[in-house]
Every structure is written in structure tokens, then in C-alpha cells.
Amino acid sequence: MTYRRPLSLLLLLAFTACSHHDNPAPASTTTTTTSPNPSDTITRTTAGSDSIYWKVACPANTAGFDDICFTDTLHGIAAGADSYIYTSADGGSTWTKTALAQRGNPANGLRTLFFLTPSQGYVIGANNFAVTTDGGQHWTIKGRPDSVVTNSSKWPACQFLSPATGYLSTGLGLYRTDDTGTTWHAVDADSVNALSFANSNMGTVFSFPNKVSTTTDGGNTWQSLGALPASSLNTAYTVLKYSDNLHGWFMDLFRLSVSANGGATWQNVFQPGSGDYLTDLKLLSGQSAYLASGRRLYKTMDGGVTWLREYTPAIASGTVFINELFFLDDHHGWACGTNGFVLRFSH
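Each position in the sequence shown, counted from 1, maps to that position plus 4 in the working numbering.
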């Protein structure tokens, strides 16, 4: 069984310890939980174990899925922790394994998927970068900045703005390609962990330990924005997203922060309960967003002020950890995790 993220987390925690509809909805109860920071209060509404919207599409089997994408409601692609690409043609119920040519140690796995269109997609691992033009059926190994991608302690972030132009970060720098990944050049030498670009020139990045910067010229120059509320010592998995020019969201293992002024100031709005950690964030329309926290899924509809716990697996604690979320739209989504566990959302 593969527990890639939890094992990485245990090592990280050890280091930190030394340094740092048709049916009625289930009855729900509301509780107020005080986060580790006494000034932060989180309102959570518990909606039951297996919600009416999230259902198990594929139970845990063998290989862990580190990322997941769907090009429509039926066809999906998953990045396997065993370094295989998996494809589904039935909405995620069954998966077919496809070998991907490897460079270096294949045990490091595939980590991040990004699809620009239903046909054009990219996958990044600790030892490779590959491109598909047919929706994930076939992949071509491309170039990559070797000195950066081999930093296996960081989860790589990738965003393409056109088939040729994209950005890649893995914690030791930010790189840009203008030839679909054949060559890369550095555009920021900071320890960039997360990125969010509106177009090929305008983007925002997070750098260790709590720096947020923006560029308007494709990374040639950078302007510092407001720092996050506290330094982040747990940056193996970080997410930075903007729903518009003003509203930003930042997530690391142990907090979710939001900004309403483009990143000039930030406020912590969520911290996981004891023994949990945050692994992914997806924004929907308006002020809605989903957050993956260990074995649980939470939803906000008011920009992070309050959170609804929509899913907790009705299985033994520690068996399944949710790694990534993906939404086609507000009505169709998926979550993947350890041992090939896949959830499907329909509303």
C-alpha cells in the first residue's frame, strides 16, 4: 500500500518538532471549534459520514493517486504514486494503467497533472515531465530543469497559459517554457512553492517562508506583496489561487489564509483539527470553495467564513487520505487519495 503524502508528512512533522434533490439531507449539527490560534474560530456543520453529494466511485485498491483530472464527466486521468498514468472512461469507477517512460528513479512517482484543454495535458514527476495531445492516451517525454525537479520534498506546481507557454515550480525556483517544455529558463530564484497566473505575463507566487510576490512582465521583474500572517514551515504541499484580481487564497499543511485586496493583507480562516492537515483547495463560482483535510472534505460558500464538513469516510481512521481535488464545474467533481481511492461529486 502506498501512503506517499502521509509518510512525507511524518518526516516533515518530525523535522518541525525539532525546529517547528430527491432525498432529504441528513440531519446536521453545528459546532464551533477553536483552532490552535485562540483568535481564530471555525464554524463547522457536520452533514454525516457519506454525504448525499460525495460517493465512492472507486474503493481503495493498490496504487495511490497523487493527482486527478477529468476532461468530461466520463474520461479521467490520474497520476500514480507508482509512476504509472491511469485512465478512466466511466467517471472514475474503473482505471486502466499505462506505462510512462521514466528518467531516473521511477519510485519517486508522478505528482502533478495540468490540463489546458481536454486534449492538451502535462504531467510532472520527480524525474520527468511529459505532454499529451490526445487526452492522456499517449505521452511524450519533454525537457525539464533537472536541478529543480529533483527536489523530491516539494510537490511541484505547474500552470500552462497556452500549449507552449507554462510555468513550473518545485520549491527551489520558478521556471518558464515557451516551447511546450522542451527547454526551460529561470524567472525567479526564490524558493517558490506555489503559483497563480492570470495570463502569460501576470502572475503571483508564494516563496518560503511567507513571501508573496507578483509580476506583470512574465517574471522579468517582481513586486513584493503583503506577507502572510506567519512564516510557513510546512511547505511541502502549498496552493495559491486567485478567484479575481482582489481575492486570493493560500493553503499550506496547517492553515488556509485569504486576501480581499489582491494580497496586500492576509487573514487565517481555517486550521485543521488535531491530527489532520490540508492537502488541496479548489475554487468554484462566487465565494464557494472545497478544502481537503486528511480524510475529510469541507466546503465554504461565504469566502471561508464558515465551513460545512461534507464528507468523512465511513472506514477505519488512517486507511484513506485525500490527496487532490478536481472539479469540471460546480456540479461535477472528484477526489483521489491513497491506494487508488476515488470519490465522485454530483449535485
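We put the beta carbon where it would ideally sit given N, CA and C, even for glycine. Remember, predicted model here, so these are calculated numbers, not experimental data.
Sequence-distant residues of the same chain with beta carbon closer than 6 Å to residue i, five excluded per side
{"i": "Lys59", "result": "Arg348"}
{"i": "Asp71", "result": "Ala83, Thr116, Leu117 and Glu328"}
{"i": "Asn161", "result": "Here residue 161 is Ala; the residue named in the question, Asn, does not match the sequence. Excluding residues within five positions, the ones whose Cβ falls inside 6 Å are Ser173, Ala198 and Leu199."}
{"i": "Phe331", "result": "Lys286 and Gly337"}
{"i": "Val191", "result": "Leu178, Arg180 and Gly223"}
{"i": "Trp99", "result": "Tyr90 and Ser92"}
{"i": "Asp86", "result": "Ala67"}
{"i": "Thr304", "result": "Ala293 and Trp311"}
{"i": "Ala339", "result": "Ile326, Leu329 and Leu347"}
{"i": "Cys73", "result": "Ile81, Leu117, Phe119 and Phe330"}
{"i": "Thr102", "result": "Ile89"}
{"i": "Lys245", "result": "Ser200, Trp253 and Leu287"}
{"i": "Ser211", "result": "Asp194, Ser195 and Val196"}
{"i": "Arg259", "result": "Asn272 and Gln275"}
{"i": "Ala31", "result": "Unreliable positioning characterises Ala31 in this predicted model, as indicated by a pLDDT of 35, which lies under 50. The coordinate reading is nonetheless provided below. No residues qualify anywhere along the chain."}
{"i": "Phe133", "result": "Lys146, Arg148 and Gly185"}
{"i": "Asp76", "result": "none"}
{"i": "Phe19", "result": "Note that Phe19 has pLDDT 34, beneath the 50 cutoff, so the model's placement of it is unreliable and the number below is only indicative. Contacts found: none."}
{"i": "His25", "result": "Confidence at His25 is low in this model, with a pLDDT of 33, below 50, so its placement is unreliable and the value that follows should be read with caution. No residues qualify anywhere along the chain."}
Supposed contact pair residue j and residue i - C-beta distance, whole angstroms, cut 8 Å
{"i": "Ser263", "j": "His251", "result": "7 Å"}
{"i": "Val209", "j": "Leu178", "result": "6 Å"}
{"i": "Asn343", "j": "Gly68", "result": "6 Å"}
{"i": "Arg300", "j": "Asp284", "result": "In fact, because the Cβ distance is near 12 Å, the residues do not count as touching under 8 Å."}
{"i": "His351", "j": "Tyr171", "result": "So it is not a contact: roughly 32 Å between Cβ atoms."}
{"i": "Gly125", "j": "Gly140", "result": "6 Å"}
Residue i vs residue j beta-carbon contact at 8 Å
{"i": "Pro63", "j": "Phe345", "result": "yes"}
{"i": "Gly185", "j": "Val135", "result": "yes"}
{"i": "Asn205", "j": "Thr225", "result": "no"}
{"i": "Tyr88", "j": "Leu104", "result": "yes"}
{"i": "Gly341", "j": "Val324", "result": "yes"}
{"i": "Leu114", "j": "Phe164", "result": "no"}
{"i": "Asn249", "j": "Gly223", "result": "no"}
{"i": "Ser292", "j": "Leu282", "result": "no"}
{"i": "Ser123", "j": "Thr137", "result": "yes"}
{"i": "Tyr241", "j": "Trp159", "result": "yes"}
{"i": "Asp256", "j": "Ser289", "result": "no"}
7 Å Cβ shell around residue i - same chain, five flanking residues per side excluded
{"i": "Asp44", "result": "Its pLDDT being 28, under 50, Asp44 is placed unreliably by the model, and nothing is read from it."}
{"i": "Asn203", "result": "Leu165"}
{"i": "Asp94", "result": "Leu78"}
{"i": "Ser247", "result": "Leu287"}
{"i": "Gly230", "result": "Val216, Gly267, Ala268, Thr269 and Trp270"}
{"i": "Ser3", "result": "Only positions 5 to 351 of the chain appear in the structure, and residue 3 is not among them; the question remains open."}
{"i": "Ser228", "result": "Lys215 and Ser217"}
{"i": "His142", "result": "Thr136"}
{"i": "Asp306", "result": "Gln291"}
Same chain, Cβ closer than 8 Å to residue i, neighbours up to 5 away in sequence not counted
{"i": "Asp183", "result": "Ala168"}
is_contact[residue i, chain C] using C-beta, thresh 8 Å
{"i": "Thr75", "result": "This model lacks chain C altogether, as it is built from one protein chain only."}
**Continuous beta strand (DSSP E) assignments of at least 3 residues falling wholly in the segment 240-320** = With a minimum length of 3 residues, the continuous beta strand (DSSP E) runs that stay inside the segment 240-320 are 243-246, 252-256, 259-263, 271-274, 282-287, 293-297, 300-304 and 310-315.
Entirely within the segment 130-190 and at least 4 residues each: give me those alpha helix (DSSP H) ranges in chain order.
-> Counting only runs of 4 or more, we get 150-153.
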